[in-house]
Each structure stands twice: as structure tokens, then as C-alpha cells.
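Encoded as C-alpha cells, the structure appears first; notes follow it.
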Amino acid sequence: MVVSPAVGYHRKDVCLRILSLFYQPQNIEEALRIRGEMGVDVTPLGGGTDIIVALNRSAAGAKHYLDLTHVEGYSDVRRDNGDWRLSAGASFSQLGRLPVRALAEASMTVGGPAIRNRGTIAGNLGTASPAGDGCVALMAIDATVELGHASRGKRVIPIDEYFTGFRQTALLEDELITSVSIPADWQTTWYKIGKRGSINISLVCCAVGLSPKGDVRIAFGCVAPTVIRAKSAEAIIEKGGFSEEAVEAAAQAAMKEVAPIDDHRASAAYKQAMCGVLARRLLGEMSKSQNVKTSKE
Ligand SMILES: Cc1cc2nc3c(=O)[nH]c(=O)nc-3n(C[C@H](O)[C@H](O)[C@H](O)COP(=O)(O)OP(=O)(O)OC[C@H]3O[C@@H](n4cnc5c(N)ncnc54)[C@H](O)[C@@H]3O)c2cc1C
Numbered sequence: 589m590v591v592s593p594a595v596g597y598h599r600k601d602v603c604l605r606i607l608s609l610f611y612q613p614q615n616i617e618e619a620l621r622i623r624g625e626m627g628v629d630v631t632p633l634g635g636g637t638d639i640i641v642a643l644n645r646s647a648a649g650a651k652h653y654l655d656l657t658h659v660e661g662y663s664d665v666r667r668d669n670g671d672w673r674l675s676a677g678a679s680f681s682q683l684g685r686l687p688v689r690a691l692a693e694a695s696m697t698v699g700g701p702a703i704r705n706r707g708t709i710a711g712n713l714g715t716a717s718p719a720g721d722g723c724v725a726l727m728a729i730d731a732t733v734e735l736g737h738a739s740r741g742k743r744v745i746p747i748d749e750y751f752t753g754f755r756q757t758a759l760l761e762d763e764l765i766t767s768v769s770i771p772a773d774w775q776t777t778w779y780k781i782g783k784r785g786s787i788n789i790s791l792v793c794c795a796v797g798l799s800p801k802g803d804v805r806i807a808f809g810c811v812a813p814t815v816i817r818a819k820s821a822e823a824i825i826e827k828g829g830f831s832e833e834a835v836e837a838a839a840q841a842a843m844k845e846v847a848p849i850d851d852h853r854a855s856a857a858y859k860q861a862m863c864g865v866l867a868r869r870l871l872g873e874m875s876k877s878q879n880v881k882t883s884k885e
């Protein structure tokens, strides 16, 4: 472990010097120990692409930082039987090369190349923004999130239970996100509506997943306090298959399930309408796929 004073500045009328301790553990045991002992007094730091922006905007930074980027294996991505196991520090550039369409495409729209090289999947989950593109893709493939603690060990929770409110999660203040697992055999598709072709925060984004057993997942970003699933729309497709009628009914149901708000990016009415458009488009696209099951048996 390396402990060194870190110096942060924020812009106000005067520059204020903030002295923090900056921990750089080399392995996960040490990282979990520091987090376990210090809890909220230490902020986990991945690529810093959210934290540094927040630091730049706010009057004070975190008390201390726990830089995870030197932890051995922190960015590993590997096959684990039927799953992909993404270590917490897997970057969007790495995820963009995975043969999991929704996650790969979502990852390749995050920021520009520099942000994709630094930004991590754990950071996306840690920030838990309703606009988190990685979170939407993970929600559509029943990902599981592994949370580690120094003495209690690890607990694995379904992504559906991870988001508990606006930027609130099931992560406890003495835990770290250690990995994310996703099934390797689902069909997925994804689309993001934004204002530009790149460095583009979502206005609305949608991911659809289909398991080999016929489970359907329809996830949206930017249309509720958290990333959400449109469960009644999913049930319509699971029951009725990908017929034109079922897709239309699911698109209508999805529009009723979301709860967008007016903000500086778009009106609530626009976002709600786009949920119908995206559900229709992605479910229609999936129905044309050769291996798609017509309904859950
Ligand atoms: C120019 C720009 C464009 C962007 N575009 C997009 C975009 O299109 N789509 C999108 O979704 N995001 C976008 N982002 C946001 C950001 O890149 C992502 O949210 C990214 O995933 C954050 O990852 P990070 O490793 O940099 O997180 P950090 O900034 O290091 O951390 C973010 C949060 O996660 C916590 N955290 C990090 N690692 C762990 C861990 N292992 N355990 C527990 N908590 C942890 C931190 O404490 C912090 O609260 C953009 C950011 C910038 C600056």
C-alpha cells in the first residue's frame, strides 16, 4: 500500500487546498481492508471520470481516496463457464470488444476514447446515474454484481436489486464492487438517443435481452430515478412472442411504465414517446433474428 498526500483544488473565488490521503493498494485484500476500516471516510476511485468532474464542481472533495487501479487483476475480463466475469475495473474500451452486443455497443458510446479507456463498469455502477449506459445494458441481461467486504466476504446480488433510488444502491459503505457477471448466451440489442454522434449523454436509451429459455428483459435509462425494467412489457412478449401485435402492445405498455421528468436535455413527453419508439424498434429487430424463440415455453 502506498499512502501519499494528494492535493486537490476546486474553483471558487479562491483556490482551496484540500489535503487527502491517497491509498493505492496492490491487491484486493488490502483494498477491502482499507475500505472496511475507513468506510465513508474513503472514496473508492476507479478511472475518476465521474469523481474528477464532481470534484471540479463542488466545494470540497472526499476526505480520502482509495485508488483501485493498481489492484492486481482489477481490470480482468474472462469467461467463467457460461458467463463473462468482468472485474470491477474493466474499462469501456475492454467491454466494447465483448461479443455481448448491448454491452459492447453501449460501451462504445460512452464519452470519447480517453473516457472509454479510463471509465470502468464499477464506476458506472457506483455513480448509479439513471443515464448510466453500462447500467442499462447490464439490466437487460440479468447481470449480477459482486460486492466484497474484508471480513464478511462477498455477496452477489441481481442487478435488479442493486439500484435502490436516485443514485442510491445496495452497496454498503464498507464494501467495494469487486466484479460483475453476465450470461454469455443471451441475445441482446441496444439503442441510445442523444443529441450528438459522440460524447453523447443519453436522452433515452434502451436495451433488450432474450435468454435461451425465452426470458425477455427490456431496460431503459433516463426515464425514472434509476435505470429500470419495463416488466409488464416484458411479460407481454414472454407470453405472446415477437408477433407484430405483441410488440406493439409491449411498446404501449413500456410507455406507461416509465416516469420521465422534464429536464435540460428533453421534455418528459418526448422521452416517454421515445420509450415506445425504442421498444418497438428493438423488439422488432430481435424478432427478425434467426434464433429467436417466438414465446416462452
Ligand atoms: C466527458 C464524459 C463523457 C461521459 N459520457 C458518458 C456516457 O456517454 N455514458 C455514461 O454512462 N457515462 C458517461 N460518463 C460518465 C463516466 O465516464 C462513467 O460513469 C464511468 O463508468 C465512471 O467510471 P470511473 O471508473 O471513471 O468512476 P469513478 O469516477 O472513479 O467513480 C465513480 C463512482 O463509483 C465509485 N466506485 C468506483 N469504483 C468502485 C468500486 N470498485 N467499488 C465501489 N464503488 C466504486 C466511486 O467511489 C464513485 O462514487 C462520461 C463522463 C465524462 C467525463
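Residue numbering for the sequence shown follows the working numbering, beginning at 589 and increasing consecutively.
Glycine residues also receive a C-beta, built at the ideal position from the N, C-alpha and C atoms.
The distance from the Cβ of Trp-778 to that of Ala-694 is about 5 Å, consistent with a contact at the 8 Å cut-off.
With a threshold of 7 Å, the Cβ atom of Arg-621 does not count as near ligand 1, since no heavy atom of the ligand is closer than that. Pairing Glu-734 with Lys-742 gives a Cβ-Cβ distance under 8 Å. As a beta-bridge residue in DSSP terms, Glu-734 pairs with Val-744, Ser-767. A residue is called buried once 16 or more other Cβ atoms fall within 10 Å of its Cβ, and Gln-612 is buried on that count. Excluding five sequence positions before and after Ile-616, the CB atoms of its chain that fall closer than 6 Å to its own CB belong to Val-659, given in chain order. With three or more CB-CB distances shorter than 8 Å, the stretch 831 to 849 counts as touching the stretch 857 to 871.
Each of Asn-788, Arg-704, Ala-812, Gly-722 was checked against the Cα of Phe-754, and the nearest Cα belongs to Ala-812. Using a Cβ-Cβ distance cut-off of 8 Å, the stretch 798 to 808 and the stretch 696 to 716 are not in contact, since fewer than three pairs of beta carbons, one from each stretch, lie closer than that value. By the C-beta density criterion, Ala-731 is buried, having at least 16 other C-beta atoms within 10 angstroms. With a cutoff of 8 Å on beta-carbon distance, Lys-876 and Val-792 are scored as not near each other.
Rounded to the nearest angstrom, the Cβ distance from Thr-631 to Ala-650 is 4 Å, consistent with a contact under 8 Å. Distances from the CA of Asp-629 to each of Gly-802, Gln-682, Tyr-653, Glu-618 were compared; the closest alpha carbon is that of Tyr-653.
Boundaries of the alpha helix (DSSP H) harbouring Gly-711: 709 to 715, taken from the DSSP string. Taken through DSSP and simplified to helix, strand or coil, Tyr-750 comes out as helix. Below 8 Å, too few C-beta pairs join the stretch 756 to 765 and the stretch 679 to 695 to call them touching: fewer than three. In terms of side-chain proximity, the C-beta atom of Gly-624 is found no nearer than 7 Å to any non-hydrogen atom of ligand 1. In the three-state scheme derived from DSSP, where H, G and I count as helix and E and B as strand, Asp-850 is classed as coil.
Restricting attention to alpha helix (DSSP H) runs no shorter than 4 residues, the stretch 760 to 842 encloses them at 819 to 828, ordered along the chain.
Excluding its 5 nearest sequence neighbours in each direction, Ala-725 has C-beta neighbours in its own chain below 7 Å: Ala-690, Leu-691, Ala-694, Trp-778, Ala-795, listed in chain order.
Annotation for Asp-721 indicates a beta carbon within 7 Å of some heavy atom of ligand 1. The closest heavy atom of ligand 1 lies 7 Å or more from the beta carbon of Asn-705.
Membership of Asp-655 in the beta strand (DSSP E) is indicated by the continuous run 652 to 655. Taking 7 Å as the cut-off, one finds at least one heavy atom of ligand 1 near enough to the beta carbon of Pro-632.
For Arg-689, the enclosing alpha helix (DSSP H) covers residues 689 to 695.
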